[in-house]
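Visitor: The sequence shown begins at -11 in the numbering used here and counts up one residue at a time.
Every residue gets a Cβ at the ideal spot worked out from N, C-alpha and C, and that includes glycine.
Input: one structure, supplied below.
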Amino acid sequence: MTIKTWAIEDRPREKLILKGKQALSDAELIAILIGSGVVGKSALDVTKAILHSVDNNLNELGKKTLSDLQKFAGIGEARAIIIIAALELGRRRQLSDVRERVRITTSRDAYNVIAPLLIDLQHEEFWMLLLNRNNEVTARHKISSGGTSATVVDMKMIFRPALESLAAAIVVMHNHPSGNLQPSKSDIDLTQKIKAAGASLDITLLDHLIVSERGYYSFADEAML
């Protein structure tokens, strides 16, 4: 059966109009993007196949390239571009919260600010959030970019922007492409080094996060600061 033969309230576009966007599944939302299916398959069938290939994980779908998506029946270059563009807009929407001066009160707040930048990377990067005295994010900076298992961090690169912006506190974070969230000895040593350097400059290290698509590890939550 094609989508046009379904009950009106079950068709993705009509369902959105009648019930709101929250009522739609991920597959239904993507089906709206691609518009139509192929012979023998509705747009919803096509999108369910795509999502099934990534275990219904949108983060994994966001890693797919144009050529990856075009391997599915009914997905040509134009439709693949639409899907990739929509997922990228969703990622950027998460990042746009920084402009509203998000207040960091928990490790989850910090994770939400930076995770969209890091979780899809296949190499390590080290980032920092600058905070004012109200623990509001005033800026974020990439400190370094490395290989698949490490990145070099220079104390001067961390504290120069913090001093220039008169930051009261910082949160640092880096990703583990392997997905392993446990800190290494070098992660622990680096955290203590940053904490000590910050204390001498009256800049508080609020947390150090290790992030991946599986979640995050917080040094503050684990009493490792």
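Measuring CB atoms only, is the segment 194 to 206 touching the segment 140 to 156, in the sense that at least three cross pairs come out at less than 8 Å?
Guide: No, they do not touch.
Visitor: On the three-pair Cβ rule with 8 Å, is the segment 60 to 67 touching the segment 19 to 35?
Guide: Touching, yes.
Visitor: For residue 3, which residues in the same chain have their Cβ closer than 8 Å to its Cβ, ignoring the five residues on either side in sequence?
Guide: Within the sequence shown, residue 3 is the residue found at index 15, counting from 1. Correct list, in chain order: -3, 11, 12 and 16.
Visitor: Since residue 127 and residue 191 should fall inside the 8 Å C-beta cutoff, what is the C-beta to C-beta distance between them, to a whole number of angstroms?
Guide: On the sequence shown, residue 127 is found 139 positions in, with the first residue counted as 1. On the sequence shown, residue 191 is found 203 positions in, with the first residue counted as 1. 14 Å between Cβ atoms; not a contact.
Visitor: Check the DSSP bridge columns for residue 41 and list the partner residues they point to.
Guide: In the sequence shown, the residue the question calls residue 41 occupies position 53. None; residue 41 has no bridge partner.
Visitor: In the DSSP assignment, find the unbroken beta strand (DSSP E) run with residue 131 in it and report its ends.
Guide: If you number the sequence shown from 1, residue 131 lands on position 143. Its beta strand (DSSP E) spans residues 125 to 133.
Visitor: Which residue wins for smallest C-alpha separation from residue 38, given the options 141, 72 and 106?
Guide: Stepping through the sequence shown from its first residue, residue 38 is reached at position 50. Per the Cα distances, 72.
Visitor: Looking at the structure shown, is residue 60 part of a helix, part of a strand, or coil, going by DSSP?
Guide: As a first step, residue 60 is located in the sequence shown; it is residue number 72 there, counting from the start. Note: residue 60 maps to coil in three-state DSSP.
Visitor: Taking 7 Å as the cut-off, is the beta-carbon of residue 118 closer than that to any non-hydrogen atom of the ligand MN?
Guide: Questions concerning the ligand MN fall outside what the structure shown contains, since it holds no ligand whatsoever.
Visitor: Between the C-alpha atoms of residue 107 and residue 97, what's the straight-line distance to the nearest angstrom?
Guide: For this step, residue 107 is matched to residue 119 along the sequence shown. For this step, residue 97 is matched to residue 109 along the sequence shown. If I take the Cα positions, the gap works out to 16 Å.
Visitor: Looking at the secondary structure, which residues open and close the beta strand (DSSP E) in which residue 192 lies?
Guide: As a first step, residue 192 must be located in the sequence shown, where it is residue number 204. 192 to 200 is the span of the beta strand (DSSP E), which, as asked, contains residue 192.
Visitor: Measure the alpha-carbon distance for residue 140 versus residue 19 and round it to whole angstroms.
Guide: Taking the sequence shown and counting its residues from 1, the one referred to as residue 140 is at position 152. Taking the sequence shown and counting its residues from 1, the one referred to as residue 19 is at position 31. Computed Cα separation, rounded: 43 Å.
Visitor: Comparing C-alpha positions only, which one of 213, 132 and 76 sits nearest to residue 53?
Guide: As a first step, residue 53 must be located in the sequence shown, where it is residue number 65. Ranking 213, 132 and 76 by Cα distance to residue 53 puts 76 first.
Visitor: Mind checking who residue 157 pairs with in its DSSP beta bridge?
Guide: The residue labelled residue 157 in the question sits at position 169 within the sequence shown. For residue 157, which the question treats as bridged, DSSP gives the partners 119 and 192.
Visitor: Once you ignore the five residues that flank residue 34 on each side, which residues in its own chain have a CB closer than 6 Å to its CB?
Guide: Within the sequence shown, residue 34 is the residue found at index 46, counting from 1. So the qualifying residues of the chain are 25 and 62.
Visitor: Where does residue 206 sit, in a helix, a strand or coil, going by DSSP?
Guide: Working through the sequence shown from its first residue, we reach residue 206 at position 218. In this structure, residue 206 counts as strand in the three-state DSSP scheme.
Visitor: Identify whether residue 52 lies in helix, strand or coil by the three-state DSSP scheme.
Guide: Counting from 1 along the sequence shown, the entry for residue 52 is found at position 64. Three-state result, residue 52: coil.
Visitor: For the alpha helix (DSSP H) that residue 149 lies in, which residues bound it at each end?
Guide: The sequence position of residue 149 within the sequence shown is 161, counting from 1. First-last of the alpha helix (DSSP H) with residue 149: 143 to 152.
Visitor: Report buried or exposed for residue 130, applying the criterion of at least 16 other Cβ atoms within 10 angstroms of its Cβ.
Guide: For the purposes of this step, residue 130 is taken as the residue at position 142 of the sequence shown. Burial call: exposed.
Visitor: Helix, strand or coil: how does DSSP classify residue 230 here?
Guide: Missing from the structure shown is residue 230; the chain here goes from -11 to 213 and no further.
Visitor: Under 8 Å, do residue 90 and residue 124 count as touching if we go by C-beta distance?
Guide: The count along the sequence shown starts at 1 and reaches residue 90 at position 102. The count along the sequence shown starts at 1 and reaches residue 124 at position 136. Yes, they are a contact pair.
Visitor: For residue 109, which residues from the same chain have a beta carbon less than 8 Å from its beta carbon, with the 5 sequence-adjacent residues on both sides left out?
Guide: As a working note, residue 109 is residue 121 in the sequence shown. Counting only Cβ-Cβ distances below 8 Å, and skipping sequence neighbours, we find 163 and 165.
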